[in-house]
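Read the structure below first, then the notes.
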Amino acid sequence: MENKLAENIRKYRKGLGLSQEQLAERLGITLGTVSKWERGASEPELWYIMQIAELFHVSVDVMIGFTMRGNNAEKEAERISELEKEASLEEAAVEYDRALMKFPNHFDIVYGAARCYMQIGVVYKKEPELRKAIELLRHAIDLFSQNKDPELNELDLSNDIAQCYATLKEYKRAIEEYKKNNVCGINDSEIGLLLTENEKNPKEGIKYIERAFLNQIGTTITSMSGFVIYYRDTGNTERVIQSVEWTLEYLKSLKEDPKEKCYLDKMICLHYFLLAIGMDMTGRDQKAEDSLVNAVRMAKAFDEHPIYTLDNILFAEKARGSTVYDNAGPTAMESLVRTMEKDGQGTSERFKERFYQLMKN
165 MENKLAENIR
175 KYRKGLGLSQ
185 EQLAERLGIT
195 LGTVSKWERG
205 ASEPELWYIM
215 QIAELFHVSV
225 DVMIGFTMRG
235 NNAEKEAERI
245 SELEKEASLE
255 EAAVEYDRAL
265 MKFPNHFDIV
275 YGAARCYMQI
285 GVVYKKEPEL
295 RKAIELLRHA
305 IDLFSQNKDP
315 ELNELDLSND
325 IAQCYATLKE
335 YKRAIEEYKK
345 NNVCGINDSE
355 IGLLLTENEK
365 NPKEGIKYIE
375 RAFLNQIGTT
385 ITSMSGFVIY
395 YRDTGNTERV
405 IQSVEWTLEY
415 LKSLKEDPKE
425 KCYLDKMICL
435 HYFLLAIGMD
445 MTGRDQKAED
455 SLVNAVRMAK
465 AFDEHPIYTL
475 DNILFAEKAR
485 GSTVYDNAGP
495 TAMESLVRTM
505 EKDGQGTSER
515 FKERFYQLMK
525 N
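So the sequence shown is numbered by the numbering used here: it starts at 165 and just counts up by one.
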C-alpha cells in the first residue's frame with residue numbers, strides 16, 4: 165500500500181490557503197516540523213495525523229493516502245452512481261448512507277449523496293431530504309480539494325444549496341446564496357424570478373431579469389456562431405444554412421418595432437450575408453442573390469445612421485440608452501467584407517463579383 169501522507173499534507177494545506185507557518189501555529193508545533201513532514205523527512209505521530217485530518221475535513225485513511233482504501237471509496241461511489249440509473253432514488257440513498265458510514269470525508273461519496281438527497285427533496289418536495297442535502301453539500305464544499313472532475317466548480321455546489329432553499333420556500337436564504345455566487349451575472353435569472361414571484365418585489369427583480377435576458381442574447385448569438393463554424397468545418401453546409409436561418413429569425417424577433425432600426429440590424433445583415441454564402445455554395449443562385457441584396461442594403465442603411473444602443477430591443481426598457489459594441493467590424497459593411505475574406509473563399513466568382521458590385525452602387 166502506498167503512503168501519500170507528505171504529499172497530502174502539502175496538498176490539503178494549500179487547499180485551505182494556509183502557509184506552513186499557519187499550519188504549525190494551529191497544531192502548536194514548529195515550522196521546521198511541518199516542513200519535514202511535507203518533504204517526507206519525518207512523519208507525524210498518529211495523534212497529529214488525527215488532528216490534521218480533522219482540520220482538513222478528511223478521514224485518517226484519506227489523509228494517509230493508502231491507495232487500496234482510496235480506490236475502494238471511489239469504486240463505491242461509482243457503483244452507487246450506476247445504481248441510481250437502474251434503481252429508485254430511495255434505494256440509492258440507502259446505499260449512500262452506508263457508504264457515508266465508511267467514508268464520511270470522501271468527496272465523491274459526500275457529493276454523490278448530496279445530489280441524491282437533493283433530487284429526492286426537489287422532486288418530491290421532502291423537507292428532511294432537502295435539509296440533509298444542504299448539510300452534505302456544505303461538507304462537500306469543505307472537501308472540494310479532493311474533487312477530480314475538472315468541469316465541476318464550487319459554485320455548482322453553492323447554487324445547489326440555493327436551489328434547496330428555494331424548494332424549501334426559504335426564498336430570502338435562496339436569494340442570499342445565489343447573490344453570493346452571482347459571478348458575471350450567472351444567477352441573475354434565478355434571483356430575478358425569486359424576487360418577482362416569491363418575494364413580491366418586481367421593481368428589484370426586473371433589474372436582474374432584464375440583465376439576464378440581455379446577456380442571454382449575446383450567449384445565444386455566440387452559441388449559434390459556434391454551430392455555424394462547426395458545421396462549416398465539418399462540411400455540413402445544410403446545417404450551416406439551418407443555423408443561420410434560425411439565428412436570423414431569433415434576431416428579428418428581438419426588435420420591438422420591426423420597421424424601425426436598431427443595433428441588431430448590424431447582426432441581422434451579417435447573418436443575411438452568411439446565408440447568401442451558404443446558398444451560393446449549394447447552387448441556390450436566386451436565394452443567394454436575395455440574401456446578398458438584403459445584407460448589403462441593410463448594412464448601408466445601418467452605416468448611414470448607426471445605432472449602438474439598446475433602443476428598440478424587446479424587453480430592454482430599463483437599459484434604454486446603454487451602449488453596446490461587437491468585434492464583427494467598425495461598420496456593418498466592414499463586417500461583410502471581413503466575412504467575405506474569411507468565409508467566402510468557396511463561393512462562386514459570380515457571387516464575389518456581385519458582392520463588390522453591390523458595395524459600389
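Beta carbons: idealized from backbone N, C-alpha and C, even for Gly.
Quick check on residue i: does DSSP put it in helix, strand or coil?
i           : result
residue 197 : helix
residue 471 : coil
residue 243 : helix
residue 182 : coil
residue 356 : helix
residue 383 : helix
residue 205 : coil
residue 519 : helix
residue 280 : helix
residue 272 : helix
residue 512 : coil
Any idea which residues DSSP pairs residue i with across the strands?
i           : result
residue 477 : 419
residue 487 : 473
May I have the straight-line CA-CA distance separating residue i from residue j, to the nearest angstrom?
i           : j           : result
residue 346 : residue 222 : 29 Å
residue 408 : residue 446 : 14 Å
residue 405 : residue 325 : 42 Å
residue 386 : residue 402 : 19 Å
residue 201 : residue 215 : 14 Å
residue 491 : residue 256 : 49 Å
residue 455 : residue 312 : 49 Å
residue 237 : residue 248 : 17 Å
residue 502 : residue 434 : 10 Å
residue 317 : residue 359 : 25 Å
Mind checking whether residue i and residue j have CB atoms under 8 Å apart?
i           : j           : result
residue 332 : residue 291 : yes
residue 427 : residue 372 : no
residue 196 : residue 241 : no
residue 418 : residue 477 : yes
residue 184 : residue 199 : yes
residue 271 : residue 307 : yes
residue 507 : residue 432 : no
residue 293 : residue 284 : yes
residue 309 : residue 344 : no
Assuming the contact rule is C-beta atoms closer than 8 Å, residue i and residue j should be a hit. Round their C-beta distance to whole Å, please.
i           : j           : result
residue 500 : residue 465 : Their Cβ separation, rounded to whole angstroms, is 13 Å, which puts residue 500 and residue 465 out of contact at 8 Å.
residue 282 : residue 328 : 6 Å
residue 480 : residue 368 : Wrong, their Cβ atoms sit about 18 Å apart, outside the cutoff.
Is the beta carbon of residue i within less than 7 Å of some heavy atom of the ligand PLP?
i           : result
residue 397 : Only the bare structure without any ligand can be found here, which leaves the ligand PLP out of the picture.
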